[in-house]
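Beneath this line is the structure, given in structure tokens, with notes to follow.
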Amino acid sequence: MEIITGGVTAAQGFEAAAVEAGIKYQNRKDMALVYSQVPCQAAGTFTSNQVKAAPVLWDKKLVEKAPFVQAVVINSGIANACTGQEGLDCCEKTAAAAGKVLGIPTDAVLVASTGVIGRQIPVDKITAGVEKLAACKEGSAQAGTLAAKAIMTTDTVHKEVAVTFTAGGKKVTIGGMCKGSGMIHPNMCTMLAFMTTDLAISKELMTKAVKESIDDTFNMISVDGDTSTNDTYLLLANGLAGNPEITCENEDYQAFQEALQYVNTTLAKMMAGDGEGATALVETKVVGAATKQDAKLLSKSVICSSLTKAAIFGHDANWGRILCALGYSGAKFDPEKVELYFESKAGKIQLYGDGKGTDYSEEEATRILSEKEVTILVNMNAGDCEATAWGCDLSYDYVKINADYRS
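The numbering of the sequence shown is this note's numbering, which starts it at 83 and goes up by one.
Written as structure tokens, this is what we have:
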């Protein structure tokens, strides 16, 4: 596998575009298009929230039932959530408009939205935006980057990544982009994520790989404990790499899994580190757990602890908050066997072991916690299973950003 520059346009046959439609924002691009020159297989996962936005309902139906997909239209600013039949009609009108100008069926167009809940999207603006997108789409790396920027809301940086690997003697590329900064929580978060690949693979195996990867990547991040109405992850595969179609779990499938895992992990960490108001990416790695499920429960519990997140923001080695979060995670363990460490580029320090705090240096701990990336390492000494979760610190700016988000 090789890491390359690019995003959703890195794979063969994929194009992108971004335009200003004026849906909510002014003087910035707020609509994006991802388009494949040929039909694609599609796989996806969506929010676990019982309240699902209209685009989620539209995309779930198409991913499950449409013979193929070929485009995704995305808008930022308005989420098209809790909008009733009018919101569903907006999805269909958007897809129909895109289908007309792109020369593809309406049910080959996926849609996605992000932004304020409860507002109706002005259909005239979004259909006009679709025509502009179709007119300026291209396969350049710059077009992919502009699309990644257009889907941002409170994100401070755009997020994209691409890799290549070999399957069936052919060079294959996976590229992707995502957005997400707040309302981020395990079991899909407030995120839109779009992956493209020129790999030839069966829909069944692609779906299997996506679901397995999501469980260990995007479902292991949290910014604020809120699960969004709009979470959408889509992978489109157009087969233009020319490899023999992957129909069984062979070496080519394993290479695809590895590449997809890297892309998803990288983007998930970008989202966690770009949490609203965040000053640091926080990683919690639990090792030595009795089961994989225990490891996941424990790592997620620490990442979701507001008290722990606040302590990291203050560079305060308040390890008691971490032990507390482990204790209410739902996993059973012996506290006397737990070892707890902080680690960053500034060093590594043990804070807890043998059932009590260690004689550590507060100054050294503060120095370690002052880095932009901090790892909380927990050894349960109960087995050989592990899991990693990602989040961020909790700063004053998080409240400021979310207190006036609609204004």
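Backbone N, C-alpha and C fix where the C-beta goes; we use that ideal spot for every residue, glycine too. From a predicted model like this one, the values you see are computed outputs, not experimental measurements.
Identify whether residue i lies in helix, strand or coil by the three-state DSSP scheme.
i, result
"threonine 176", "helix"
"glutamate 327", "coil"
"asparagine 406", "Strictly speaking, residue 406 in this sequence is cysteine, with asparagine absent from that position. Residue state, collapsed to three classes: helix."
"leucine 363", "strand"
"leucine 318", "strand"
"threonine 188", "helix"
"glycine 181", "helix"
"valine 384", "helix"
"lysine 261", "strand"
"alanine 194", "strand"
"alanine 371", "strand"
"aspartate 479", "helix"
"cysteine 271", "Its pLDDT being 45, under 50, cysteine 271 is placed unreliably in this model, and the coordinates cannot settle the point."
Taking 7 Å as the CB-CB limit, is residue i close to chain C?
i, result
"alanine 464", "Looking at the structure shown, chain C is missing, and only one protein chain is on hand."
Does the distance from the C-beta atom of residue i to that of residue j stay below 7 Å?
i, j, result
"serine 295", "leucine 228", "no"
"leucine 215", "leucine 316", "no"
"valine 491", "cysteine 122", "In the structure displayed, the chain extends from 83 to 489; residue 491 sits before or after that span and is not available."
"threonine 311", "alanine 163", "yes"
"alanine 225", "threonine 87", "no"
"isoleucine 385", "alanine 471", "yes"
"leucine 139", "leucine 192", "no"
"glutamate 365", "threonine 457", "yes"
"glutamate 421", "glycine 437", "no"
"alanine 153", "tyrosine 117", "yes"
"threonine 188", "glycine 197", "no"
"alanine 407", "threonine 390", "yes"
"cysteine 260", "lysine 241", "yes"
"threonine 246", "lysine 252", "no"
"serine 158", "isoleucine 208", "no"
"glutamine 202", "glutamate 168", "yes"
"leucine 281", "glutamine 94", "no"
"histidine 397", "serine 477", "no"
"glutamate 97", "lysine 219", "yes"
"leucine 274", "threonine 314", "yes"
For residue i, report the span of its alpha helix (DSSP H) as first-last.
i, result
"leucine 349", "333-355"
"methionine 277", "No alpha helix (DSSP H) contains methionine 277, which is instead part of the beta strand (DSSP E) from 274-279."
"glutamate 468", "Where glutamate 468 is concerned, there is no enclosing alpha helix (DSSP H), although the beta strand (DSSP E) it sits in stretches over 467-474."
"glutamate 294", "285-298"
"phenylalanine 395", "388-395"
Query - Whole beta strand (DSSP E) elements within the stretch 427-465, 3-residue minimum - result: 429-435, 455-461
Query - Unbroken stretches of the beta strand (DSSP E), 3 residues or longer, contained in the stretch 201-254 - result: 241-249
Report task. Could you tell me which uninterrupted beta strand (DSSP E) segments, each at least 3 residues in length, are contained entirely in the stretch 84-171, listed from first to last along the chain? Result -> 84-86, 96-101, 113-128, 151-160
Query raised in the report: At a cut of 8 Å, does the stretch 400-416 reach the stretch 377-391 through at least three beta carbon pairs?
Result: yes
Query - contact_flag[the stretch 419-430, the stretch 328-348] where n(CB pairs < 8 Å) is 3 or more - result: no
Requested in this report: Specify whether the stretch 119-133 and the stretch 280-299 touch according to this definition: at least 3 beta carbon pairs, one from each stretch, less than 8 Å apart.
Outcome: yes
Requested in this report: Assess, as a yes-or-no matter, whether the stretch 462-476 is touched by the stretch 367-375 under the definition of 3 or more beta carbon pairs within less than 8 Å.
Outcome: yes
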